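Colleague: Sending over a structure as structure tokens; questions will come in a sec.
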Amino acid sequence: LKVKLPKRLFIIGLTSLPPLFLDLLMCFKEYIDIHLFFNNPSQFYWGDVTKYYTELSLGRENFFDESVNDDILSPFTPEEPDEHWQEFAGHPLLASLGKVGRDHLKILQQYPEQREIEAFSEPEPTSLLHHLQYTIFNLLPPHETDKWTFDPSDRSLEIHTAYSPLREIEALYDQLLHLFNQDPTLKPSEIVVMTPDIEKYAPLIEAVFGEGMANRHNAIPYSISDISLRHSEPLLDGFLTLLTLPTLTFKTSEILPLLKLPEVMEKYGFTERDFDLISYWIEEAFIRFGIDNHHLETLGFGDDPRHTWLWGLKRMLLGYATHDETLIHGHLPYIDIKGMDALLLGKLTAFIDHLIKWREALEAPRPLIEWQTIIAPLWNDFFADPDPQKSGSSDQKLTFILNAWNEIIEAGIKSGIEEAFEIETLRRLLEERLIDEKPIQNFIQGKVTFCSFVPMRAIPFKVVAMIGLNQEDFPKSTLYHDFDLIQFKPYPGDRTRHSDDRYLFLEAMMSASEKLYLSYIGHSIQDNSERLPSLLIDDLFNYLKAVTILPEGKTLDELLITHHPMAPYNPELYQEGARNQSFQDRWIQHAERSFLTPTEFPPYDFEHLTLGELIHFYQDPTAHFAQKRLELRSLRERSILPSDDENFTAPTGLTRYIYRREVLDRLLAAPFDDMELKEYAYGELKLYYHHKGYLPKYAFEDFAWNELIAPLLELALTIKKSTNPIITEKEMRYQLTPPSPMISMREAREKL
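By the working numbering, the letter at position 646 of the sequence shown is numbered 1101, and the numbering carries on one by one without gaps.
Shown next, in the form of structure tokens:
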């Protein structure tokens, strides 16, 4: 054994080690030198500092009696504080945040045959941040701490609030630019940004900092760590979706994202314009979900084929072939596809055919040996041929998928498993591999480093920023299973996610050498209601309240917390000397035009006021003012992707209006009167909209049609009975002269 072991073993960067591992290391110490480095936030022993009460009664000198707890693996039961401690108080932040390190330090003290080497570097209390670190390092309780006189120009520790994660990143970007402007010696590699959920913030970081890289004069180089392969590579996520084809309901929201993958679009020859046109066809042809009537039966939705993919594609193909809205074998052609669009329809049909083929191929259980060879052909049917010249090409991703898949299959075969497996079982194993697997990259790359809260990130940086510190997000809760006894009798060294997050916050706070930046969502972007920060920010804020002397007339909230407005073009962001000053020149133009230099409202055109505008004003004065004077329109936009919801009523909104007008025109154009028109409305006309897909299925169809047709039929009969056989439009002009001098709207209403 001694021959196979190295001469020396160095263990660095670990927050804690389970006692079992430490026992193993103690066995190895008979043969090799073991150097275990512990990142200790305090120079004094604090292994028994724990928060028994709100006001702690603990000390900086340890009177631990080894006879109290001979077995280091015995359950931890706190004794009365005064049994082993003098009447002193410990540091409340160590008590609140330091359980993981405290337990580890306490366990290390149980091994007598060790040599301790202290290599502390005491911080100098030259700023608020350094004063905080100084009190923790010396284990000073609040009542023994010399209070710090707060200097308003001291920005070593800041708390920022924003309205959304995007505004958090935008605010961070501006604050980093401000730091680089203040300190020309500051390098991007000396900044780290941590967040509880890096995969949530990664696309926002790419959007904000990536745009800055494109704008070279304020570019900040950055790198993102700790993202799983599944979230960093949409292609791999799309491939996992393909493996779920047997269980998919084929909703448009499931199929179109697959089609929009760049590799899939390249494989089938689609462009962005093609994708938008396909989305329009799907919406207008009323395709919602399901392959066909047989697929709907297996899903338990009956056998009506309307709104399925094959039903909609048949309508499109018939429409291109006939250009006539005449029923053909129970299908109403969709006639909007003409000319060269037939090629695009053919590509869409081929894509859906491949999905159906592979759904059938993956549906039946197979032995492991048969599953082993299915990945490559599945990949090749949907993704473009790899380009070996491109870094990160689909070839490299396919190689990774194949290796992971083969490892899973071979492990099962070596275990002697012979029964057939469903694809879902293997897909979940592959998904776990993709979630656990991180792209191979260096943590520090000479750029601003974005990472998640994970151990071994407690490396000294000049600037340490922590974003996303919301009450519901950090620290994360620990979910116990019923059979997990740790929740009832925790042992020293037993870790939880909650305790880990608290200690990681403490380590990050101690790692900042010049600036600590904390950020959270302080207000809801929907209703402006207040949202609470992490409890760790509360602990820190309350401690600073107790140990600082504030300038007269100032509160700690005003000095420590910076509020960022909801919009990046808010004029307060462009005031000289503002704490939240922005460097985004693309927004300042809007701020100057819209807010900083307000202009008079344009004169209202009373001379060409229409009767409809006058009625609209009295019906809704606020909406009229917003539209005519502020030039605001409806903010509702059409969804990019078609809806995949099954309709239980006729469409509403603009679609309903368009179809009401169309139905009325058909009723007026029909050469029928009275009873014949009613028979036409509830017979042939209803059948037309049934096959068009406008009406919902089953019993909901009659309710929806009756609601739509009843008032229109009555209106059509009234018009047909009119004495004028021909209805024509007539233009009528009215001239309203406003009173002079002008009177108020209230007076005008009274006069009217």
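Heads up, the beta-carbon is just placed ideally off N, CA and C, and yes, glycines get one too. Since the model is a prediction, treat every value here as computed from it, not as a measurement.
Do we get a CB-CB distance below 8 angstroms when we pair Ser644 with the residues of chain B?
Modeller: Of the protein chains in the structure, only one exists, and it is not chain B.
Colleague: From this set, Pro578, Ser608, Ile807 and Ile653, which residue's C-alpha is nearest Ile922's C-alpha?
Modeller: Nearest option by C-alpha distance: Ile653.
Colleague: What residue from Tyr1143, Pro1126, Ile1004 and Glu1134 has the CA that sits closest to Tyr1114's CA?
Modeller: Looking at the Cα atoms, Tyr1143 is the closest of the given residues.
Colleague: So what's Phe905 in DSSP terms, helix, strand or just coil?
Modeller: strand
Colleague: Have a look at Val555, Ala574, Tyr618 and His809 and flag the residue whose alpha-carbon is nearest the alpha-carbon of Leu987.
Modeller: Tyr618
Colleague: How far does the beta strand (DSSP E) with Asp488 in it extend, from its first residue to its last?
Modeller: Asp488 to Leu491
Colleague: For Gln942, which residues in the same chain have their Cβ closer than 7 angstroms to its Cβ, ignoring the five residues on either side in sequence?
Modeller: Same-chain partners within the cutoff: Tyr935.
Colleague: Sort Glu1134, Pro607, Phe1080 and His778 by Cα distance to Leu1014 and report the nearest one.
Modeller: The residue with the shortest Cα to Cα distance from Leu1014 is Pro607.
Colleague: Helix, strand or coil for Asn925? Go by DSSP, reduced to three states.
Modeller: strand
Colleague: Please name the residue, chosen from Leu697, Tyr589 and Pro915, that lies closest to Leu810 on a Cα-to-Cα basis.
Modeller: Leu697
Colleague: Could you pull the start and end residues of the alpha helix (DSSP H) that Tyr1143 belongs to?
Modeller: Looking at the DSSP string, the run of the alpha helix (DSSP H) that includes Tyr1143 is Lys1141 to Lys1147.
Colleague: Please give me, in chain order, every unbroken run of the alpha helix (DSSP H) with length at least 4 that falls completely inside the segment 540 to 625.
Modeller: 547 to 552, 554 to 563 and 583 to 592
Colleague: What residues in its chain sit with their C-beta under 8 angstroms from that of Leu641, if we drop five residues either side in the sequence?
Modeller: Leu634, Phe635, Lys917 and Val918
Colleague: Out of curiosity, what's the CA-to-CA distance linking Glu1209 and Leu714?
Modeller: Missing from the structure shown is residue 1209; the chain here goes from 456 to 1207 and no further.
Colleague: Check whether the Cβ atoms of Pro915 and Ser968 lie closer than 8 angstroms to each other.
Modeller: yes
Colleague: Cutting at 6 angstroms between CB atoms, please list the residues of its own chain near Asn517, excluding the five before and the five after it.
Modeller: Residue placement at Asn517 cannot be trusted, given a pLDDT of 35 that sits under 50; the coordinates are not used to answer.
Colleague: If you draw a straight line from the alpha carbon of Leu999 to that of Ile562, how long is it in whole angstroms?
Modeller: 31 angstroms
Colleague: List the residues that DSSP assigns as beta-bridge partners of Phe876.
Modeller: Arg821
Colleague: Alpha carbon to alpha carbon, how far is Leu732 from Leu800?
Modeller: Using only the alpha carbons, I get a separation of about 10 angstroms.
Colleague: Rounded to whole angstroms, what's the CA-CA distance from Asn983 to Leu924? Just pull it up for me.
Modeller: 18 angstroms
Colleague: Given this structure, state the Cα-to-Cα distance separating Gly785 from Pro1151, to the nearest angstrom.
Modeller: Between the C-alpha atoms of Gly785 and Pro1151 there is a straight-line separation of about 17 angstroms.
Colleague: Between the alpha carbons of Glu985 and Glu780, how many angstroms are there, rounded?
Modeller: Cα to Cα, the separation comes out at about 56 angstroms.
Colleague: DSSP three-state call for Lys917: helix, strand or coil?
Modeller: strand
Colleague: If you reduce the DSSP assignment to three classes, tell me which class Ser954 lands in.
Modeller: When DSSP states are grouped into helix, strand and coil, Ser954 belongs to the helix group.
Colleague: Could you tell me whether the segment 817 to 824 touches the segment 692 to 706, using the rule of 3 or more Cβ pairs below 8 angstroms?
Modeller: yes
Colleague: Would you call the segment 1016 to 1023 in contact with the segment 952 to 969, where contact means no fewer than 3 C-beta pairs closer than 8 angstroms?
Modeller: no
Colleague: I need the straight-line Cα distance from Ser954 to Leu940, nearest angstrom please.
Modeller: Approximately 17 angstroms, taken between the alpha carbons.
Colleague: If the criterion is Cβ atoms closer than 8 angstroms, does the pair Pro596 and His546 meet it?
Modeller: yes
Colleague: Consult DSSP for Phe1038 and reduce its assignment to one of helix, strand or coil.
Modeller: coil
Colleague: Can you tell me whether Ala1171 is helix, strand or coil according to DSSP?
Modeller: helix
Colleague: What did DSSP end up calling Ala839 once you bin it into helix, strand or coil?
Modeller: coil
Colleague: Tell me where the alpha helix (DSSP H) around Leu1132 begins and ends.
Modeller: Asp1129 to Tyr1135
Colleague: Strictly by DSSP, which residues pair up with Ser974?
Modeller: Ser974 is bridged by DSSP to His615.
Colleague: Can you list, in chain order, the residues of its chain with a C-beta nearer than 8 angstroms to that of Glu621? Leave out the 5 residues immediately preceding and following it.
Modeller: Here residue 621 turns out to be Leu, not Glu, going by the sequence shown. The answer, listed in chain order, is Leu659, Ala662 and Val663.
Colleague: Excluding the 5 residues flanking Leu860 on each side, which residues of the same chain have their C-beta closer than 7 angstroms to its C-beta?
Modeller: Note that residue 860 corresponds to Trp in the displayed sequence, not to Leu. Cβ within range, chain order: Ile830 and Leu885.
Colleague: Quick check on Ala1078: does DSSP put it in helix, strand or coil?
Modeller: helix
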